[in-house]
Structures are given as structure tokens and as C-alpha cells.
Amino acid sequence: MQQEIIDWFETEGRDLPWRQPDFTPWGSLVSEFMLQQTPVARVIPKLDEFLTRWPTPAALAASPSGDAVRAWANLGYPRRALWLHACAVTIVDKFNGEVPSNVDDLLSLPGVGPYTARAIAVFAFGGHEPVVDTNIRRVIARHNQGNADQGPPSTKRDLEVMAALLPSPELSPAFNAGMMELGALICTARNPQCEICPIARTCAWKNASYPEHVGPKKTVQKKYEGSDRQARGAVMKILREAHRTVTTSELDDCWPDKAQLGRAISGLLNDGLIELVADDSYQLPA
DNA sequence: AAACCGTGGCA
DNA sequence: TTGCCAAGGTT
37 MQQEIIDWFE TEGRDLPWRQ PDFTPWGSLV SEFMLQQTPV ARVIPKLDEF
87 LTRWPTPAAL AASPSGDAVR AWANLGYPRR ALWLHACAVT IVDKFNGEVP
137 SNVDDLLSLP GVGPYTARAI AVFAFGGHEP VVDTNIRRVI ARHNQGNADQ
187 GPPSTKRDLE VMAALLPSPE LSPAFNAGMM ELGALICTAR NPQCEICPIA
237 RTCAWKNASY PEHVGPKKTV QKKYEGSDRQ ARGAVMKILR EAHRTVTTSE
287 LDDCWPDKAQ LGRAISGLLN DGLIELVADD SYQLPA
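Structure, rendered in C-alpha cells:
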């Protein structure tokens, strides 16, 4: 399986920005943050803008965190922008301005979890680690376990399974990236393209005639329309686009349910995504 | 462990 | 229209 994945990736893998030979580890870190739950197509233009403005950790660390949040625009989950800014500060203060290359140092950074730490170690530094994302978990569930879907994640078990599949160290980046790419392009959640899959011959799910999913299922996302998350999003949109302080009464217009709006504002204050500047006005963090 | 955290595209 | 999904992380 390993060599088939690697060969397929060499010929069919996309020329994504973070796969260019001159892409920096900082670029990789920024791209991985943006790619956490945001589709590739929406990340690409924002990544370019972000790296043009802040080409190094030191550059971002020298700007207010609110500028990072504003530049994040509508990518979603704006706490990622705050964490990325905090990463830049830590990298300058504790790692001499250079993105660290080993998993433990990477895991010490805010917003860097099991996936992102290993993705940086492997893709930016050529490390030999198991990278586990939703694509890889789906490929393994189908091809190796004969199941239709990956089910809920279990970090420890997932990492062990992927570690057992790794080829020799020098092939590790291509294999990890190839597995992700296969899940993104061929072994997709809906309508997988088994006819052109490089590992269809050995796929346990296909060879069992595509049985229904067995075992626990992924937990379903709560409805977004009318949710607290949407209310937070409405507040953040006002603050991002204002480029100045905004009063409580101005925020009143952005959401009909005042109790929910109150929860959104206090939650955002608690997260550090907005700041109180007077007793009734707010701004993005300085 | 399960809920929470944005936003937009697609079937 | 509604639900599912998207290179996750934190609590």
C-alpha cells in the first residue's frame, strides 16, 4: 500500500502553495492553522495575504493580535488567529524566532494539537511521525478496517494505527501527504472515486462490497442558524469591519435576541477576542 | 468524553 | 431547504 500511495501522490498530488520547495516552516504553521476545519479553496487567497503582510513570526509578533483577527476575516473560528499570534510571540521569545521542529516543542504552542504538531514536524522539517487528520482516518477506516466511515476520533489509537503503516523515514513525508491527498481527492466522504483509486485492489471496504458503517458514529454538529456561535460571528463581523471602537448600542442592532447577544459578548471578552475600552464600547484586542 | 467554537459550499 | 462536511483544538 505505501508505495502505491507515494507513487500516486507524486503524479496526482496538487501543487498547493504549502508544497512549494521554498515554502518556510512559518508558512507551514500559518497554513496548518488556517486549514483547521476550513476548506483548502478558502484558505489559499487568505494565506497569501497573511504571509505577504507577516512573512516571519517576528513580523506578526510585532503587530497587535487584533490585526491578526481582522486579517483572519471570515475564515471562521477566530480564536485560531489569536492563538497563531500567541504562537508568534512564543516563537520569538522562546525559540529565537524560528519555528521549532520537534513534536514536543510544537505541542507547547497554543492552538497546536496532535495533528498540527506532527504535520509541521513532517511536512516542514521532513520528520518521521504519524500524521492523523480526518482524511487519513477515513482512508484507514475503509482500506484497512473495512468500515464505511472513520467514526469519532481517538488520538492515541489513531496515532498508533498510522505509526504502524509508516514506511522508512525518508518516505514518511510523501506517504503522510499522499494519504491525506487520497482522502481529499479520491476516498472522499461522499461519492468516493474507487474506479481511479490507487489502492482499490487491497481495499477491505470495497472488497466487502461497501457494507454500512459499523460502530460509533461521529457526533453531529449542532445547528448553526440561530446558535450562540452565529451570534458571536455577528459581533466579530461588526468589530472587524469597524476599524474603531463600537458601542453596546451599535452591537444591539446585529442580533435580535438580547440575552444571546449578552452571552456572545461576555464569551468573546472571556476568550480575549474583544476588549472593553470604556464602560460601554469594545474593540479588537490591541 | 462530548460539547463548544465560524463560515460557506454542495447535494 | 436542510444536513453534511471541511488538513482540529480546547475544556
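Numbering (the working numbering), first residue to last: 37 to 322.
Glycine is no exception: its CB is placed at the ideal position from the N, C-alpha and C atoms.
Note that the coordinates shown come from a computational prediction; the quantities given were computed from them, not determined experimentally.
Nearest by alpha-carbon distance to residue i: which of the options is it?
i, options, result
"residue 86", "106, 246, 73", "106"
"residue 262", "227, 96, 295", "295"
"residue 90", "77, 67, 233", "67"
"residue 302", "289, 267, 55, 223", "267"
"residue 117", "291, 153, 65", "65"
"residue 194", "46, 170, 206, 207", "170"
"residue 54", "196, 79, 42", "79"
"residue 177", "207, 231, 240", "240"
"residue 70", "125, 129, 119, 197", "119"
To the nearest whole angstrom, what separates the beta carbons of residue i and residue j, a pair I think is in contact under 8 Å?
i, j, result
"residue 93", "residue 62", "6 Å"
"residue 60", "residue 112", "Residue 60 to residue 112, Cβ: 24 Å. No contact."
"residue 135", "residue 156", "7 Å"
"residue 249", "residue 183", "6 Å"
"residue 114", "residue 272", "6 Å"
"residue 188", "residue 255", "6 Å"
"residue 121", "residue 104", "4 Å"
"residue 44", "residue 228", "That belief does not hold up - the Cβ atoms of residue 44 and residue 228 are roughly 14 Å apart, past 8 Å."
"residue 209", "residue 158", "5 Å"
Classify residue i as buried or exposed, calling it buried when 16 or more other Cβ atoms lie within 10 Å of its own Cβ.
i, result
"residue 102", "buried"
"residue 212", "buried"
"residue 306", "exposed"
"residue 152", "buried"
"residue 285", "exposed"
"residue 77", "exposed"
"residue 257", "exposed"
"residue 297", "buried"
"residue 132", "exposed"
"residue 367", "No answer is possible for residue 367: the residues shown for the chain start at 37 and end at 322."
"residue 237", "exposed"
Between residue i and the ligand PLP, is the CB less than 6 Å from at least one heavy atom?
i, result
"residue 76", "This structure lacks the ligand PLP; in fact it carries no ligand of any kind."
Would you call the segment 37–45 and the segment 200–217 in contact, with 3 or more CB pairs under 8 Å?
With the cut-off at 8 Å, the segment 37–45 and the segment 200–217 touch.
For the pair the segment 141–150 and the segment 300–319, tell me if three or more CB-CB distances fall below 8 Å.
no
Determine, using beta-carbon pairs with one atom in the segment 155–170 and one in the segment 123–143, whether at least three such pairs fall under 8 Å.
Because the criterion of three Cβ pairs below 8 Å is met, the segment 155–170 and the segment 123–143 touch.
In chain order, each alpha helix (DSSP H) run of at least 4 residues that lies wholly inside the segment 172–222:
Segments of the alpha helix (DSSP H) lying fully in the segment 172–222: 191–201, 208–221.
Tell me, please, whether the segment 205–220 touches the segment 38–57 by the rule of three or more beta-carbon pairs shorter than 8 Å.
yes
Taking 8 Å as the cut-off, does the segment 267–287 touch the segment 232–251 (at least 3 CB pairs, one atom from each stretch)?
no
My parser needs the alpha helix (DSSP H) runs of 4 or more residues fully inside the segment 80–128; what are they?
93–97, 101–108
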